[in-house]
Amino acid sequence: MQQLSLLLTSLPDGILLGFVYGLAAMGLTLIWGVMNVINLSHGPIIALGMFGTFFLFIRLGLNPYFGLFVIALLGLLLGILIYAAAVHRVINAPHLSSLLATFSVNMIIIGLGTAIFTTSPYNVDFNMGSFQIGSVTLLGTRLIAALVAILYTGALYLFLYKTRPGKYIRAVANNRAAAELMGIPSTRILALSFGLGTMLAAVSGALIATFFPFNILSGGSYELKSFVIGVLGGLGNPIGALLGGLILGILEGIIPAFMETSWVPAIEFALFVAILLVRPTGLFGAKR
Amino acid sequence: MTRKLLTLISLLAITALTLAACGTSATPAATEAPPPTTAPQPTAEEPAAQPTEAPTAVPPPAPVTLTIGFTSSLTGSQEVSSKRQVNGLNLWMQQINDAGGLVLADGTVVTFAAQTYDDESTKERVQELYTRLITEDNADFLISPYSSGLTAAAAIIAEQNGKIMITAGAAEDDAYKQGYANIFQLYTPGSLYLISTVDMLKKLDPEAKVAIVHESDKFSTSVVSGLKPYLESQGFEIVLEEGYASDTADFGPVINKLVESGATVLLGGGHYPDGSTFARQIYERKVGLKFVSLLVAPADSKFPELGDAALGVATSSQWELKATHTEEEAAGLGIEWFGPGGADFAAAYEAAYGDKPTYHAAGGYVAGMVLQKAMLDAGSTDPEKVKAALDAMNIFTFYGGIQFDTTPEAHGLQISHQMVVAQWQKDAEGKLVRQVIWPADVATADPLYPVPAP
Numbered sequence: 006m007q008q009l010s011l012l013l014t015s016l017p018d019g020i021l022l023g024f025v026y027g028l029a030a031m032g033l034t035l036i037w038g039v040m041n042v043i044n045l046s047h048g049p050i051i052a053l054g055m056f057g058t059f060f061l062f063i064r065l066g067l068n069p070y071f072g073l074f075v076i077a078l079l080g081l082l083l084g085i086l087i088y089a090a091a092v093h094r095v096i097n098a099p100h101l102s103s104l105l106a107t108f109s110v111n112m113i114i115i116g117l118g119t120a121i122f123t124t125s126p127y128n129v130d131f132n133m134g135s136f137q138i139g140s141v142t143l144l145g146t147r148l149i150a151a152l153v154a155i156l157y158t159g160a161l162y163l164f165l166y167k168t169r170p171g172k173y174i175r176a177v178a179n180n181r182a183a184a185e186l187m188g189i190p191s192t193r194i195l196a197l198s199f200g201l202g203t204m205l206a207a208v209s210g211a212l213i214a215t216f217f218p219f220n221i222l223s224g225g226s227y228e229l230k231s232f233v234i235g236v237l238g239g240l241g242n243p244i245g246a247l248l249g250g251l252i253l254g255i256l257e258g259i260i261p262a263f264m265e266t267s268w269v270p271a272i273e274f275a276l277f278v279a280i281l282l283v284r285p286t287g288l289f290g291a292k293r
Numbered sequence: 004m005t006r007k008l009l010t011l012i013s014l015l016a017i018t019a020l021t022l023a024a025c026g027t028s029a030t031p032a033a034t035e036a037p038p039p040t041t042a043p044q045p046t047a048e049e050p051a052a053q054p055t056e057a058p059t060a061v062p063p064p065a066p067v068t069l070t071i072g073f074t075s076s077l078t079g080s081q082e083v084s085s086k087r088q089v090n091g092l093n094l095w096m097q098q099i100n101d102a103g104g105l106v107l108a109d110g111t112v113v114t115f116a117a118q119t120y121d122d123e124s125t126k127e128r129v130q131e132l133y134t135r136l137i138t139e140d141n142a143d144f145l146i147s148p149y150s151s152g153l154t155a156a157a158a159i160i161a162e163q164n165g166k167i168m169i170t171a172g173a174a175e176d177d178a179y180k181q182g183y184a185n186i187f188q189l190y191t192p193g194s195l196y197l198i199s200t201v202d203m204l205k206k207l208d209p210e211a212k213v214a215i216v217h218e219s220d221k222f223s224t225s226v227v228s229g230l231k232p233y234l235e236s237q238g239f240e241i242v243l244e245e246g247y248a249s250d251t252a253d254f255g256p257v258i259n260k261l262v263e264s265g266a267t268v269l270l271g272g273g274h275y276p277d278g279s280t281f282a283r284q285i286y287e288r289k290v291g292l293k294f295v296s297l298l299v300a301p302a303d304s305k306f307p308e309l310g311d312a313a314l315g316v317a318t319s320s321q322w323e324l325k326a327t328h329t330e331e332e333a334a335g336l337g338i339e340w341f342g343p344g345g346a347d348f349a350a351a352y353e354a355a356y357g358d359k360p361t362y363h364a365a366g367g368y369v370a371g372m373v374l375q376k377a378m379l380d381a382g383s384t385d386p387e388k389v390k391a392a393l394d395a396m397n398i399f400t401f402y403g404g405i406q407f408d409t410t411p412e413a414h415g416l417q418i419s420h421q422m423v424v425a426q427w428q429k430d431a432e433g434k435l436v437r438q439v440i441w442p443a444d445v446a447t448a449d450p451l452y453p454v455p456a457p
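For the protein sequence lines, the chains are A and B, in the order given. Mind the numbering: the first sequence is residues 6 to 293 in the numbering used here, read in order. Mind the numbering: the second sequence is residues 4 to 457 in the numbering used here, read in order.
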């Protein structure tokens with residue numbers, strides 16, 4: 006009975022967090038889906054998004070939710086820059102080359118970030134209050150973060166399915182050679198896709214910073230979660246990523262009701278391996 | 004074909020075994036303690052043995068520069084506390100060197116040079132770097148990294164190479180129960196960490212329902228291993244015991260468990276990153292506990308950055324400036340006093356680093372002082388003599404008592420130092436200040452109990 010009550014109180018938290026995890030994973034899975042590149046700089050970009058919130062809010066006094074527009078734009082530009090500098094030349098090379106290229110970017114960001122910000126924890130002291138529904142406490146910051154994640158997912162969906170550049174992205178993801186023959190500028194579309202992926206990562210980091218402390222290394226754990234979510238939802242399937250994020254968030258909410266919290270990562274990664282073995286295309290199928 | 008393959012595999016296996024055997028025999032030689040970096044010291048007999056033209060005064064011994072090797076966590080999870088510990092140690096070293104060095108009984112003047120690397124808060128780096136400090140940098144004495152986990156990794160290397168290591172930020176007991184002979188602990192052992200807090204609770208609220216929620220690492224687990232039986236012996240009901248991973252960011256599920264358990268008091272935590280996150284989320288969720296005591300994090304001067312979430316959070320502290328130990332206290336106990344007073348240390352630290360010293364900084368400083376005192380007592384820098392002096396040490400400093408267990412079962416374990424309980428409270432101007440609330444004879448304020456609801 007006590008566990009059931011615990012389950013009920015923990016579940017909403019897990020769901021809210023799951024949307025944000027899903028948003029982070031969507032960035033990773035979009036890049037994989039369009040250009041078959043596993044972006045190992047995903048974690049540090051999430052961390053940069055966190056620092057974005059910190060500096061815009063603490064230094065410039067900008068509300069973290071208005072700051073999201075700035076961070077999204079900077080994330081998009083950073084992604085395009087990374088694509089041009091590190092990914093474009095190896096886009097047609099074996100996977101290992103792009104993996105190493107993005108890993109190098111990861112190391113550069115972490116190195117620079119450590120030198121500039123150190124690895125001390127940063128904290129955005131921003132409070133949106135909390136709402137009590139029975140025994141359930143919902144934190145305002147998490148509720149808004151979940152709403153923003155849903156909005157971004159909706160906007161991404163509309164962009165991919167209702168706009169010309171979005172359709173180009175889907176065309177390039179399906180068959181790059183055919184898309185080029187149809188006159189689609191694939192290099193620009195690939196750069197845009199990479200930019201969108203990093204934008205989603207940076208925005209998710211910016212949202213996470215409103216409720217968790219962070220440092221330049223903090224993105225690593227969300228990158229790992231993004232991989233688990235990507236596998237759950239199907240790599241290359243952005244909507245699957247959101248659902249995968251929800252599943253992971255729910256698991257994180259309910260596992261501690263039955264066992265020690267320190268078991269959560271062990272179970273998450275056991276699930277990762279199990280899905281890879283049983284259904285490698287993910288629960289919702291990989292989408293190309 | 005199969006036979007050829009088998010022969011080849013056998014030959015390879017024999018070669019590998021031979022190489023491994025050679026490697027094993029070569030290892031001790033490679034890691035053998037290097038010759039001391041100290042300059043040759045003339046002895047009293049030497050002048051007589053050498054022909055001299057005229058009787059002259061015995062020349063003073065040549066000055067000696069000793070290398071103190073240690074790693075610091077410039078990056079990673081231990082960064083905050085480690086940097087403070089290293090600041091304290093560097094301050095001690097700088098003061099000794101600026102004063103012209105340490106003068107031993109035979110007139111030898113000893114100065115110190117630091118050799119240090121960033122261990123990135125990882126055990127692998129610690130083992131690699133302590134090996135390097137010993138074998139390549141020829142460190143004469145070692146100071147531990149910060150944290151029990153990293154120190155346990157460094158202790159193995161120090162012991163294998165017969166190097167004396169003073170452990171500063173490392174409270175866990177087990178490292179001193181491995182039969183090591185060269186490791187000496189400065190902190191109160193982890194198993195005794197929260198004893199003072201429990202004593203205080205016994206007086207404030209013997210009916211308190213206690214939840215123990217702690218980081219699942221060496222140090223915090225060691226604290227809990229001592230805390231749990233003591234709580235039970237004092238008649239407290241433990242309503243929840245829960246461990247969490249070191250990189251936990253979302254304490255929501257743990258806090259829900261805490262609420263469900265009906266706990267009125269929380270004892271636990273781990274280190275700075277998790278402790279500060281935990282405190283913030285307890286506040287945000289308005290858990291309404293009467294008392295919260297967390298390890299390490301609230302002892303740091305960064306903790307008030309949490310704002311009102313810091314109010315009422317207590318910690319066990321190895322040292323607090325407000326309750327610093329004094330020469331009079333030492334005289335009352337009949338123990339030898341050594342070193343500067345706490346206020347002098349704090350003033351020097353603040354002048355050097357622009358920040359008030361925490362117990363981590365004091366620990367780093369006193370680690371150097373312990374080495375200094377051992378050399379003075381030994382009248383030598385010879386490691387064996389210094390070790391004997393450490394075994395015999397029983398002193399009182401601004402940081403408290405220092406004496407090491409010399410039994411084979413727990414050699415090097417700290418047996419004299421005691422802790423205080425500190426709590427973040429608001430002063431008359433509404434500013435957060437850390438007050439000492441226990442033991443009562445050194446308290447600077449009454450405990451804030453129960454902590455006001457957010």
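All C-beta atoms in this analysis are idealised placements derived from N, C-alpha and C, irrespective of residue type, glycine included. These figures come from a predicted structure and were not determined experimentally.
Item, Value
"Candidates B/Leu105, B/Ala282, B/Pro148: closest to B/Arg87 by CA position", "B/Pro148"
"Buried/exposed call for A/Ser109, threshold 16 Cβ in 10 Å", "exposed"
"Beta-carbon proximity of B/Gly229 to B/Gly193, cut-off 8 Å", "yes"
"Residue-chain proximity (B/Asn459, chain A), Cβ-Cβ < 8 Å", "In this structure chain B extends from 4 to 457, so residue 459 of chain B is not present and cannot be described."
"Closest residue to B/Val89 among B/Ser76, B/Ser80, B/Thr191 (Cα-Cα distance)", "B/Ser76"
"Host alpha helix (DSSP H) of B/Trp95 (start-end)", "82 to 101"
"Contact with chain A by B/Lys212, beta-carbon distance below 8 Å", "no"
"Local Cβ density within 10 Å of A/His100, reported as buried at 16 or more and exposed below that", "exposed"
"Where A/Ser125 meets chain B, residues with beta-carbon distance less than 7 Å", "Glu82, Val83"
"Reduced DSSP secondary structure (H/G/I, E/B, other) of B/Ala174", "coil"
"Chain A contact residues for B/Lys289, given Cβ-Cβ distances below 8 Å", "Ser135, Thr142"
"8 Å CB neighbourhood of B/Gly255 in its chain, flanking five on each side removed", "Gln284, Arg288"
"Any chain B beta carbon closer than 8 Å to A/Glu273", "no"
"Chain B within 8 Å of A/Leu22, Cβ atoms only", "yes"
"8 Å Cβ cutoff, B/Thr224 in contact with chain A", "no"
"Close beta carbons around B/Val227, own chain, < 7 Å, minus the five adjacent residues each side", "Ile215, His217"
"Closer than 8 Å to chain A by CB, B/Tyr402", "no"
"Assigned exposure category for A/Pro285 - 16 Cβ within 10 Å defines buried", "exposed"
"Presumed contact (8 Å Cβ cut-off) between A/Thr192 and A/Ile87, rounded CB distance", "Not quite, the Cβ-Cβ distance comes to about 14 Å (not below 8 Å), so this is no contact."
"Meets three-Cβ-pair contact criterion under 8 Å: the region 205 to 212 of chain A and the region 56 to 69 of chain A", "yes"
"Whether A/Tyr157 touches A/Leu237 by CB criterion (8 Å)", "no"
"Within-8 Å CB hit, B/Leu309 to chain A", "yes"
"Contact belief for B/Ala282 with B/Leu297 at Cβ below 8 Å, rounded distance in angstroms", "6 Å"
"Same chain only: Cβ atoms within 6 Å of B/Asp444, ignoring 5 sequence neighbours per side", "none"
"Buried versus exposed call for A/Phe199 [16 or more other C-beta atoms within 10 Å across all chains shown]", "buried"
"Nearest-angstrom Cα separation, counted from A/Leu195 out to B/Glu123", "36 Å"
"Exposure label - A/Ser140; buried when at least 16 CB within 10 Å", "exposed"
"Euclidean distance between Cα positions of B/Thr251 and A/Ile221", "16 Å"
"Per-residue burial, A/Asn180 [other beta carbons within 10 Å of its own, 16 or more giving buried]", "exposed"
"Bridge-paired residues (DSSP) for B/Ala117", "B/Ile71"
"Min CB distance B/Pro276 to chain A below 8 Å", "yes"
"Proximal chain B residues relative to A/Pro270, where beta-carbon distance stays under 7 Å", "Ala248"
"Residue range of the beta strand (DSSP E) that includes B/Gly193", "Looking at the DSSP string, B/Gly193 is not in any beta strand (DSSP E), and its letter there is neither H nor E."
"Buried versus exposed call for B/Glu245 [16 or more other C-beta atoms within 10 Å across all chains shown]", "buried"
"Buried/exposed call for B/Asp143, threshold 16 Cβ in 10 Å", "buried"
"Residue nearest to B/Gly344 in terms of C-alpha spacing, selected from B/Lys293, B/Tyr356, B/Glu331", "B/Glu331"
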